[in-house]
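Here's the structure we're looking at; comments come further down.
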Amino acid sequence: MNNGVNVTALAVFVLFFLLVTVMGFMASRWRRADNALHLDEWGLGGRSFGTWVTWFLLGGDLYTAYTFVAVPAAVYATGAAGFFAVPYTIIAYPLVFLFLPRLWSVSRVHGYVTPADFVRGRYGSKALSLVVALTGILATMPYIALQLVGIQAVLDVLGVGGGAGSNWFVKDLPLFIAFGVLAAYTYSSGLRAPALIAFVKDALIYIVIIVAVIYIPMRLGGYGHIFDTAAQKFSAPKSAGSLVLAENKQWTYATLALGSALALFMYPHSVTGVLASKSRNTVRRNMAIMPAYSLMLGLLALLGFMAIAAGVGSGVKGFNAQLSVPQLFENMFPDWFTGVAFAAIGIGALVPAAIMSIAAANLFTRNVYKQFLKPEATPADETRVAKLASLLVKVGALAFVLTMDKQAAINLQLLGGLWILQTFVSIVGGLFTRWFHHWALFAGWAAGMAYGTWKAYGIASPATKHFGGSAAEIPVIGEIGYIGLTAFVLNLAVAVVLTLVLRALKAPVGADETRPDDYGAEAGDPKVQNAPVPAAAH
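Under the working numbering, the first residue of the sequence shown is numbered 1, with each subsequent residue one higher.
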């Protein structure tokens, strides 16, 4: 240690950061495109990724630095309730196995780049497409900001960026550098950059977690001692959590897991990873092997109990639980391996932040710019606008992190999950039926968004007066449950009732440009081969 800076850990961290930076810029030469000035190339990697590239890309996309920090932090603070992330990922993959291959097929046939593209084509409604796109952008922005929060947590524990008395520029200079590098290689290489870097990120995370769940318990006296210590903490009179889920928390736990599972692949960055796959079978294989990450997530959650047993934050008034895992690593690992662990978290922020900014840029370009501002835009125009939009999205996320309280970022990310869930009926419903009327879907979306946001606004917590949680009383049932799922049920009910009314009134329906056989198209089908997508060089 030198003036509060862990020099060895910092050196290892910087080494890995430089490695992925070089890889990010080199990615533009990987699977070089015949026509780089096309959104399918920059924004979807040429739709050419095979099973393993897609697996690493989706893993890098869904299991972020914030996951690495927040899941064990939730276990550290609340105990059993923090494990909700494990069952929700277990539920998600069998569920999305049913509809993601259909989304890949119809998108590949018609050249759809975003889920909002599909909504426009399926229902013939620009208005519905627009609200799906804007919801996606709105839900993604705080998610990107939280990746920067994850990097900040690592930098705080490393001791870089100056002390508390430093001016704001010096204090946040490392974050500016990380942001600048991320922006530069994303602009240059598009989706190929995070796809290539994801190999390093996921390998590091697996190594760190496997070492952590073996090495740290050995130093702490075994898992028995770890769980005993956690039980003592949560049995204290003023404890906010419990080692075993209390009966009055079970509805909240179950509805949060189910709602989160429904929302997971509604996020634009999740869909981007799926549409970048080269075949329908690639998508299906990935949904079968992605649960390997759920195993990793369960092991990761145990780090929260280990932090308790290691005395992390003990006796520190107002200790930030988000620092529990970085501080645990610094306390328990040799300095050089601490650097490896911090590199895993830092790179785990860069990969999803890049994919999220690309996904948001694709939505703006295809469903706002081209749909409303410049319908005659060429593919080259779309690519240039998307690159600029991705920079603006990152700037917005950085400004959010630097100017707002970190708790606000966490609260808005929770709200983002509620919002993005309200697009499920339009997207997934449209993959199986054309029965819904587009204006009924619009009204259902509006009802779900309004109800969910209103209920979340009224929840206070010790840290904030509004948006302090994601659970409230479920009408009629009377149990406390996830607001997002309640809003989703309201959304679906409004859509069904209004569709019945509008069909009875014979209200005009938009044109459907898709055909039933589009939803089962395979990579080798003639309609896929002739789809309006440029071939990528292999």
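The beta carbon of each residue, even a glycine, is placed where N, CA and C say it ideally should be.
Residue of the options minimising C-alpha distance to residue i
i: residue 150; options: 186, 293, 416, 71; result: 71
i: residue 525; options: 309, 242, 109; result: 109
i: residue 515; options: 157, 478, 205, 102; result: 102
i: residue 51; options: 369, 195, 521; result: 195
i: residue 424; options: 456, 66, 261, 107; result: 261
i: residue 174; options: 481, 398, 509, 500; result: 398
i: residue 198; options: 346, 177, 488; result: 346
i: residue 281; options: 99, 46, 15; result: 99
i: residue 350; options: 387, 366, 422, 63; result: 63
i: residue 126; options: 249, 53, 375; result: 375
i: residue 429; options: 418, 416, 444, 283; result: 444
i: residue 512; options: 475, 435, 238; result: 435
i: residue 217; options: 299, 372, 414, 451; result: 299
i: residue 453; options: 491, 462, 463, 427; result: 491
i: residue 25; options: 193, 408, 236; result: 193
i: residue 510; options: 356, 124, 236, 190; result: 124
i: residue 586; options: 451, 431, 320; result: For residue 586 there is no data in the structure shown, the boundaries of the chain being 1 and 538.
i: residue 203; options: 292, 283, 502; result: 292
i: residue 358; options: 332, 371, 391; result: 391
i: residue 396; options: 356, 307, 371; result: 356
i: residue 333; options: 215, 228, 16; result: 215
i: residue 54; options: 411, 388, 283, 478; result: 283
i: residue 416; options: 388, 464, 132; result: 132
i: residue 142; options: 402, 297, 528, 9; result: 402
Per-residue burial, residue i [other beta carbons within 10 Å of its own, 16 or more giving buried]
i: residue 201; result: buried
i: residue 120; result: buried
i: residue 271; result: buried
i: residue 540; result: With the chain covering only 1 through 538, there is no way to say anything about residue 540.
i: residue 362; result: buried
i: residue 269; result: buried
i: residue 104; result: buried
i: residue 244; result: exposed
i: residue 536; result: Summary for residue 536: the model assigns pLDDT 36, below 50, so the residue's position carries little reliability, and this model does not support an answer.
i: residue 382; result: buried
i: residue 404; result: exposed
i: residue 385; result: buried
i: residue 250; result: exposed
i: residue 248; result: exposed
i: residue 327; result: buried
i: residue 433; result: exposed
i: residue 471; result: buried
i: residue 11; result: exposed
i: residue 414; result: buried
i: residue 369; result: buried
i: residue 238; result: exposed
i: residue 93; result: buried
i: residue 179; result: buried
Cβ shell of residue i (< 8 Å), same chain only, five flanking positions each side left out
i: residue 322; result: 69, 70, 73, 149, 153, 406
i: residue 380; result: 37, 38
i: residue 533; result: Because the pLDDT at residue 533 is just 49, under 50, the model does not fix this residue reliably, and the value given afterwards should be weighed accordingly. Excluding sequence neighbours, residue 533 sits near 40, 47, 108, 111.
i: residue 488; result: 259, 262, 421, 422, 424, 425, 448
Nearest-angstrom Cβ-Cβ length linking residue i and residue j, presumed shorter than 8 Å
i: residue 208; j: residue 341; result: 5 Å
i: residue 139; j: residue 484; result: 11 Å between Cβ atoms; not a contact.
i: residue 210; j: residue 360; result: About 33 Å; that fails the 8 Å criterion.
i: residue 393; j: residue 144; result: 7 Å
i: residue 45; j: residue 276; result: 5 Å
i: residue 279; j: residue 89; result: That pair is no contact at about 24 Å.
i: residue 226; j: residue 305; result: 5 Å
i: residue 307; j: residue 324; result: 4 Å
Neighbourhood of residue i by C-beta, 7 Å cutoff - its chain only, sequence neighbours within 5 removed
i: residue 242; result: 79, 80, 234
i: residue 302; result: 213
i: residue 378; result: none
i: residue 6; result: 158, 159, 330, 335, 338
i: residue 240; result: 77, 78
i: residue 96; result: 265, 287
Sequence-distant residues of the same chain with beta carbon closer than 6 Å to residue i, five excluded per side
i: residue 129; result: 116, 119, 120, 367
i: residue 460; result: 468
i: residue 273; result: 57, 58, 61
i: residue 106; result: 514, 518, 519
i: residue 494; result: 443, 444, 447
i: residue 2; result: Residue confidence for residue 2 is low, a pLDDT of 43 falling below 50, so the modelled location carries little weight; the figure read from the coordinates is stated next. Cβ within range, chain order: n/a, list empty.
i: residue 400; result: 145
**Request:** Determine, using beta-carbon pairs with one atom in the stretch 17–33 and one in the stretch 178–195, whether at least three such pairs fall under 8 Å.
**Result:** yes
**Request:** Check whether the stretch 467–482 touches the stretch 253–260, counting contact only when three or more Cβ pairs, one atom from each stretch, lie closer than 8 Å.
**Result:** Taking 8 Å as the limit for Cβ pairs, the verdict is that the stretch 253–260 does touch the stretch 467–482.
**Prompt:** For the 8 Å Cβ check, are there 3 or more pairs between the stretch 497–511 and the stretch 436–443?
**Reply:** yes
**Asked** Counting Cβ pairs closer than 8 Å, one from the stretch 80–99 and one from the stretch 309–322, do we hit at least three?
**Response** No contact exists between the stretch 80–99 and the stretch 309–322.
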